[in-house]
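Structure, as structure tokens:
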Amino acid sequence: MKNRIDLLFEKKHAEILSVYFTAGFPERDDTLPLLELLEAGGADMVEIGIPFSDPLADGPVIQQSSSAALKNGMSMRLLFSQLRDVRKKISMPLILMGYLNPVLQFGMENFCRSCRESGIDGVILPDLPPDMFEEEYKEMFAEYGLHIIFLITPQTSEERVRRIDDLSGGFVYLVSDSATTGSRNSFSEKQQIYFERIRAMKLRNPSLIGFGIHNRETFTRACGFASGAIVGSAFIRSLAENKDIMQAVQSFVQSVKKENHDHSVA
Amino acid sequence: MNYQVSEKGFYGEFGGAFIPEMLYPNVEELRSRYLEIMAEPAFREAFHHLLKHYVGRPSPLYEAKRLSQQYGARIFLKREDLNHTGAHKINNTIGQILVAQRLGKKRIIAETGAGQHGVATATVCALMGLECIVYMGEVDIQRQAPNVARMKMLGAKVVPACSGSKTLKDATNEAIRDWINNPGNTHYIIGSVVGPHPYPDMVARFQSIISEEIRVQLKEQTGSELPDYVIACVGGGSNAAGAFYHFLDDEKVKLVAVEAAGKGIGSGFSAATTTLGKPGIIHGSKTLLMQTEDGQIIEPHSISAGLDYPGIGPVHAHLFESGRGIFLSATDEAALRAGFLLTRLEGIIPALESAHALAALDQLQFKKEDTVVLNLSGRGDKDLETYMKYLPS
């Protein structure tokens, strides 16, 4: 079967909305209900975060969701058991995002196998160096039909962007600003020049912009430079602020994707 | 066996640079330039000039006669406690501030546990007129108040780390986040032989002045450059890395690393990484790490803020796995006892970190003719409040 991320980008070239949430937050067993609500609400893809005790590339909002999820008892094993039947209900592409240490303790091959068994399409491991991926895990990922998505930042050199594009599958993740997640509000001229520079490189993969996307305005502007955008901290904030997850998804989807709120979950 | 770092930044299977892409340009800039900068004659001259006239090096190698009598061996103390600012940490911060200047950096950040590295960083920033921000766990800010005051007086901004166990690990996370958020103008002065390559190697090289001097001083005092034992405490392990550095290939020299057992190895309140840890990734390097089965990092415990760290420098993980190092641990209680003993026998109040190294003397079987060098990494002024709580009546 073709990877669902590839299918998504084949049929949709603009305004792709990918949403991040931390597994186990706000409640331990919210993973499946959240996926259903997000799919119904108009998300095109979801990145499920594997909580880690020391998420050093994340800002305070995701850090807090991560430690709350761990307190709720979330673990890699539990997450995979929650995802066992996810493909009976969810058809959009799913990505797991996490730090390398919990994955290494679970075992990389075990992790890849569990991803395939539960219908995961891609993986983002921000602290896995591309060189090490190529040397040790590239074949394994191919064998299990998993895409790996690497990050590109405004400081990434052209040569390295090419290399990251070569190793990545599905799409590349453009970090809008060299900052931990959730800390910026709008795009500067410098960021726009960076997005243009990457677009002009005509990478083999489509790209999504992440970090700092938190409302309709930033989402639309990001979509002007890439196939779509990724929202993380803003959605986690909505989950933290609303009483129940249905309300959280509704108010979040409304704030980011206005035209969809009419047929969002009722 | 090779104990030095490989070109890719590994000590055996440990080390490397497991960092998010946002950090890559900063780390890569340092990696591609540190060796060339450190080899420049002008750099070496500036470094050694400051070590001599500002830090007060060489630090004495002092034969502790009454301590020697107690343990039945010839024990020398390498007096890093006599350095300016009171610990070995200044050797590294002098080196790194000179590197930072050559990289054109204007803003310096650091993490600190006991506050010794924070003070040493704030000191060199004052000396060079650079902005300084020090991240320190909230718990450590409480228990190391004198060092917090010193950093502030030196002009540094001390930012509390309020996540996790609110100690050294969390301060390091915050410093790394700061570096991600401020690419370009900022240099991160890591205080130990931890973090992504090239930090473990760079810090070890700056601290290697310790063993370079020991060899010369020991030759003068005993006729031989080589002791039978070198003993040092290990949190991240920079003083140990420096004390072992020039003895690594002299396999007859026993290298003893002493970790903090906290309330006891099996108590759940410990920082004895080589006993309790397994391979994993922390702060950008692969090393031994205290963690749950699920790969979550376990919050450590030690009475000594400088040893309260769930990992260990990758060089030490390699010394442990290869058998080159002898790894022991000392409890809070044993360290306190050893601290009081040294104070009464030699009139030297050691830092609680160094007191762990002293506590290991109880666990080793010496022959009368053995020469032992113990790296007294810091002085105990900062720990007086803790010592006073346990003062024997």
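Quick mapping for you: the protein sequence lines, in order, are chains A and B. Just so we're aligned: the first sequence equals residues 38 to 303 in my numbering. Just so we're aligned: the second sequence equals residues 2 to 394 in my numbering. The C-beta atom is built at its ideal place from N, Cα and C for all residues, glycine as well.
Check: Taking one C-beta from the segment 65-84 of chain B and one from the segment 367-375 of chain B each time, how about it: are there three or more such pairs within less than 8 Å?; Outcome: yes
Check: By DSSP, does A18 (chain B) sit in helix, in strand, or in coil?; Outcome: coil
Check: Which runs of the beta strand (DSSP E) fall wholly inside the segment 227-296 of chain A and span at least 3 residues, in chain order?; Outcome: 244-247 and 265-268
Check: Using only the alpha-carbon positions, how far apart do L71 (chain A) and P63 (chain A) sit?; Outcome: 10 Å
Check: Which runs of the beta strand (DSSP E) at least 3 residues long sit entirely within the segment 147-210 of chain B? Give them in chain order.; Outcome: 158-162 and 187-189
Check: Provide the residue span of the beta strand (DSSP E) that contains L377 (chain B), from first to last.; Outcome: T372 to L377
Check: Taking the alpha-carbon positions, what's the R216 (chain B) to D251 (chain B) distance?; Outcome: 12 Å
Check: Three-state secondary structure (DSSP) at V316 (chain B)?; Outcome: helix
Check: Tell me which residues share the same chain as I246 (chain A) and place their Cβ nearer than 6 Å to its Cβ, disregarding the 5 neighbours each side in the sequence.; Outcome: L211, S213, A259, A263 and A266
Check: In terms of residue numbering, what span does the alpha helix (DSSP H) encompassing K108 (chain A) cover?; Outcome: P97 to K108
Check: Just to confirm, are L24 (chain B) and E112 (chain B) a CB contact at a threshold of 8 Å?; Outcome: no
Check: Could you check what DSSP says for T387 (chain B) in three-state terms: helix, strand or coil?; Outcome: helix
Check: Hey, how far is the Cα of R236 (chain A) from the Cα of A18 (chain B)?; Outcome: 29 Å
Check: Which residues does DSSP list as the beta-bridge partners of Y210 (chain A)?; Outcome: A:L188 and A:L245
Check: Per DSSP, R108 (chain B) forms a beta bridge with which residues?; Outcome: B:E132 and B:T187
Check: Report yes or no: is there a C-beta of chain A within less than 8 Å of the C-beta of P201 (chain B)?; Outcome: no
Check: Determine whether the Cβ of I99 (chain A) lies closer than 8 Å to any Cβ atom of chain B.; Outcome: no
Check: For F248 (chain A), which option in A:P191, A:Q291, A:Q284 and A:N138 has the closest C-alpha, if you only look at C-alpha atoms?; Outcome: A:P191
Check: May I ask you to list the residues that DSSP assigns as paired with T59 (chain A)?; Outcome: A:G86
Check: Between I191 (chain B) and chain A, is any beta-carbon pair separated by less than 8 Å?; Outcome: no
Check: Distance cutoff 8 Å, beta carbons only. Does I185 (chain A) sit that close to anything in chain B?; Outcome: no
Check: Would N174 (chain B) pass as an interface residue toward chain A - the criterion being a Cβ-Cβ separation below 8 Å?; Outcome: yes
Check: Taking only the alpha-carbon atoms, compute the straight-line gap between R80 (chain B) and Y231 (chain A) and give it to the nearest angstrom.; Outcome: 52 Å
Check: Measuring straight from C-alpha to C-alpha, what distance separates F46 (chain A) and G165 (chain B)?; Outcome: 39 Å
Check: CA-CA distance, L128 (chain B) and R345 (chain B)?; Outcome: 36 Å
Check: So which residues on chain B does M145 (chain A) lean against when the C-beta distance must stay under 9 Å?; Outcome: Residues of chain B passing the Cβ test: none, with the nearest at roughly 12 Å.
Check: Quick one: residues in its chain with C-beta nearer than 7 Å to the C-beta of M203 (chain B), no 5 flanking neighbours on either side, listed in chain order?; Outcome: Y35
Check: K253 (chain B): buried (16+ other C-beta within 10 angstroms of its C-beta) or exposed?; Outcome: exposed
Check: With L133 (chain A) and I87 (chain A) assumed to form a contact (beta carbons below 8 Å), what rounded beta-carbon distance in angstroms separates them?; Outcome: 6 Å
Check: Spatial neighbours of G159 (chain A) within its chain, please: CB distance less than 6 Å, with the 5 preceding and 5 following residues excluded, ordered by chain position.; Outcome: I42, I132, H184, I186 and G207
Check: Determine the extent of the alpha helix (DSSP H) in which S1 (chain B) is found, giving its start and end residues.; Outcome: This structure gives no information on residue 1 (chain B), because the portion of chain B shown stretches from 2 to 394.
Check: At 4 residues or longer, what runs of the alpha helix (DSSP H) sit wholly inside the segment 124-174 of chain A?; Outcome: 137-143 and 145-155
Check: So the alpha helix (DSSP H) P42 (chain B) belongs to, where does it begin and stop?; Outcome: P42 to L51
Check: Leaving out five residues before and five after E146 (chain A) in sequence, what residues of the same chain have Cβ atoms less than 8 Å from its Cβ?; Outcome: M177
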